[in-house]
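Protein chains in written order, with my numbering: chain C, 14 to 189; chain F, 163 to 436.
Glycine residues also receive a C-beta, built at the ideal position from the N, C-alpha and C atoms.
A quick write-up on the structure given underneath.
Here it is in structure tokens:
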């Protein structure tokens, strides 16, 4: 029970950091999505089963805190958890260099997904689709967000590993 | 087939179908009661996080600007001299304006009851579409009220009100539309948010004059928005796509992402002059 409250507190803190810290610090569409990055990091460190349930919880907390419709953030989170799990099993990720490359690849995939969602948002708000895609996939915006996402994911993996070690003697961070 | 039901892909598809269906068919927001309890309880933490972000940003900006401080200081000194001269002129005009308003039985300016509020959070992508403030129904805030900084610079209006917090739609939100007028030429138009990236003054008649540098203020027509609140300056003008109207790119004097406190305009403070 205590562990579940701790995980819920960490998820809430991540969402609050995204809406209260990352957004004003980085400005429009440039910063990392730390909730998404930490969910992917959790899938990498704890595995698919342990992180799937919590990714739904994280999505719901995210929806509540950002005045979004229920389910809006849940879908990308569970999709990213699955992608990380899918590629983790198929690609060599244990070697240090391979692991870093894989993380950079996930961060790039997540960044492309985020940029795509930005393009959709702008198109929905009336911007011509060509301009929306140009703006969303400008090299500067893409690379700065990729780098920020990669840094957030590395930090996420480091923190979740530390938490896992801290709780290892009992049962690990597993949703039961 | 039974094997497929046990796979990860099936679990993800099932969850995706459930939440996707919920999103498409119901499109509900989090129940007010739940979000109220959760977000009100965590308001102090969120306020502290937002303040920390601004402090962090300020320190970073200061360190980055050390090299250009001397040049900037000189520019500010010159600008200050210009403003002092302009201020002297405006004081005279203010006195004249007060007399005229008195004769026309208009409400004096700057006499609004303001409610101070701190920002708790903003949209997750930092687009400047909305902010959340720590005052709500309890403080007398209602939907539609204007939100300002520095007494009279408009930044948006209250969109949703909860017990102890409210969501403010910023001027750069594409859903925002406010009637505005040029303070210099009187050209009227509608200020709209542009994809969360900036603001545009639309529907300005071709025969109206709109110059670069003009101050754009609220016209007070058709909403609860008071008249005369500054929204920004004209950066550039161009004809609309159909060439029926003029459009102007408006730059706000405030950076929405750097705000920590705002004021909600509750209403007129004094009775109409008799």
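**Report entry** Contact list for the stretch 419-431 of chain F against chain C, Cβ threshold 8 Å
**Finding:** 419, 420
Report task. Give the straight-line distance between the Cα atoms of residue 178 (chain C) and residue 168 (chain C), rounded to the nearest whole angstrom. Result -> 15 Å
Report task. Find the nearest neighbour of residue 283 (chain F) within the set F:389, F:341, F:229, F:208, judged by alpha-carbon distance. Result -> F:208
Requested in this report: Jot down the residue ranges of each uninterrupted beta strand (DSSP E) in the stretch 259-346 of chain F, minimum 3 residues, whole runs only, in chain order.
Outcome: 274-284, 292-295, 308-311, 315-323, 328-332, 339-344
Report task. Name, please, each residue of chain C whose Cβ falls closer than 8 Å to the Cβ of residue 174 (chain F). Result -> Within chain C, the residues near residue 174 (chain F) are 65, 91, 92, 94, 95.
Report task. Mind checking which residues open and close the beta strand (DSSP E) that includes residue 195 (chain F)? Result -> It is not in any beta strand (DSSP E) - residue 195 (chain F) instead sits in the alpha helix (DSSP H) that spans 194-203.
**Report entry** Other residues of its chain near residue 301 (chain F): CB distance less than 6 Å, five sequence neighbours each side excluded
**Finding:** Cβ neighbours of residue 301 (chain F) beyond the five flanking positions: 277.
Requested in this report: Could you tell me whether the Cβ of residue 80 (chain C) comes closer than 8 Å to any Cβ of chain F?
Outcome: It does; some Cβ of chain F falls within 8 Å.
Query raised in the report: DSSP three-state call for residue 94 (chain C): helix, strand or coil?
Result: helix
Query raised in the report: The alpha helix (DSSP H) spanning residue 49 (chain C) covers which residue range?
Result: Note, residue 49 (chain C): alpha helix (DSSP H), 47-59.
Query - Under the three-state DSSP convention, the category residue 160 (chain C) falls into - result: helix
**Report entry** Of the listed residues C:29, C:14, C:43, nearest to residue 163 (chain C) (C-alpha basis)
**Finding:** C:43
**Report entry** Cβ of residue 182 (chain F) within 8 Å of any chain C Cβ
**Finding:** Contact of residue 182 (chain F) with chain C is assigned, a C-beta pair being separated by under 8 Å.
Query - Per-residue DSSP class, three states only, for residue 256 (chain F) - result: helix
**Report entry** Cβ-Cβ distance between residue 51 (chain C) and residue 211 (chain F) below 8 Å
**Finding:** At the C-beta level, residue 51 (chain C) and residue 211 (chain F) stay beyond 8 Å of one another.
Query raised in the report: When the cut-off is 8 Å and only beta carbons count, does residue 173 (chain C) lie next to chain F?
Result: It does not; no Cβ of chain F falls within 8 Å.
Query raised in the report: Got a sec: which bits of the stretch 26-56 of chain C sit with their beta carbon under 9 Å from any beta carbon on chain F, in order along the chain?
Result: 26, 28, 29, 30, 31, 32, 33, 34, 35, 36, 37, 38, 39, 40, 41, 42, 43, 44, 46, 48
Query - Neighbourhood of residue 165 (chain C) by C-beta distance below 7 Å, restricted to the same chain and skipping five residues each side - result: 45, 47, 50
Report task. Can you tell me which of the three DSSP states residue 420 (chain F) falls into? Result -> helix
Query raised in the report: CB-CB under 8 Å to residue 184 (chain F), same chain, minus the five flanking residues each way: which ones, in chain order?
Result: 190, listed in sequence order.
Query raised in the report: Between the C-alpha atoms of residue 290 (chain F) and residue 40 (chain C), what's the straight-line distance to the nearest angstrom?
Result: 8 Å
Query raised in the report: When every heavy atom of the ligand NAP is checked, does at least one fall within less than 7 Å of the C-beta of residue 367 (chain F)?
Result: By its list of ligands, the structure shown contains no ligand whatsoever, and the ligand NAP lies outside what it can speak to.
**Report entry** Within chain C, partners of residue 403 (chain F) - CB distance below 9 Å
**Finding:** Those do not exist, as residue 403 (chain F) stays about 10 Å from chain C at its closest Cβ, beyond 9 Å.
Query - Proximity of residue 342 (chain F) and residue 378 (chain F) at Cβ, strictly below 8 Å - result: yes
Query - Reduced DSSP category for residue 398 (chain F) - H, G, I as helix; E, B as strand; rest coil - result: strand
Requested in this report: Determine the extent of the alpha helix (DSSP H) in which residue 145 (chain C) is found, giving its start and end residues.
Outcome: 142-149
**Report entry** Selection from F:347, F:403, F:416, F:257 that minimises the alpha carbon distance to residue 333 (chain F)
**Finding:** F:416
Query raised in the report: Hey, is residue 208 (chain F)'s beta-carbon within less than 8 Å of any beta-carbon in chain C?
Result: yes
Query raised in the report: Looking at residue 412 (chain F) and residue 365 (chain F), is the spacing between their C-beta atoms short of 8 Å?
Result: no
Query raised in the report: Since residue 65 (chain C) contacts residue 91 (chain C) with CB under 8 Å, what's their CB separation in whole angstroms?
Result: 7 Å
Query - Members of the stretch 277-308 of chain F near chain C, C-beta cut-off 9 Å - result: The stretch 277-308 of chain F vs chain C, Cβ under 9 Å: 281, 282, 283, 284, 285, 286, 287, 288, 289, 290, 292, 294.
Requested in this report: Please list the partners that residue 69 (chain C) has in chain F, where partner means a Cβ-to-Cβ separation under 7 Å.
Outcome: Within 7 Å Cβ-Cβ: 177.
Report task. Tell me, to the nearest whole angstrom, how far the beta carbon of residue 344 (chain F) is from that of residue 376 (chain F); I am working on the premise that it is less than 8 Å. Result -> The beta-carbon separation of residue 344 (chain F) and residue 376 (chain F), rounded to 5 Å, stays under the 8 Å limit for a contact.
Query raised in the report: When you compare each of F:348, F:248, F:187, F:253 to residue 381 (chain F) by their alpha carbons, which one comes out closest?
Result: F:348
Report task. Could you spell out the range, first to last residue, of the beta strand (DSSP E) harbouring residue 354 (chain F)? Result -> 350-356
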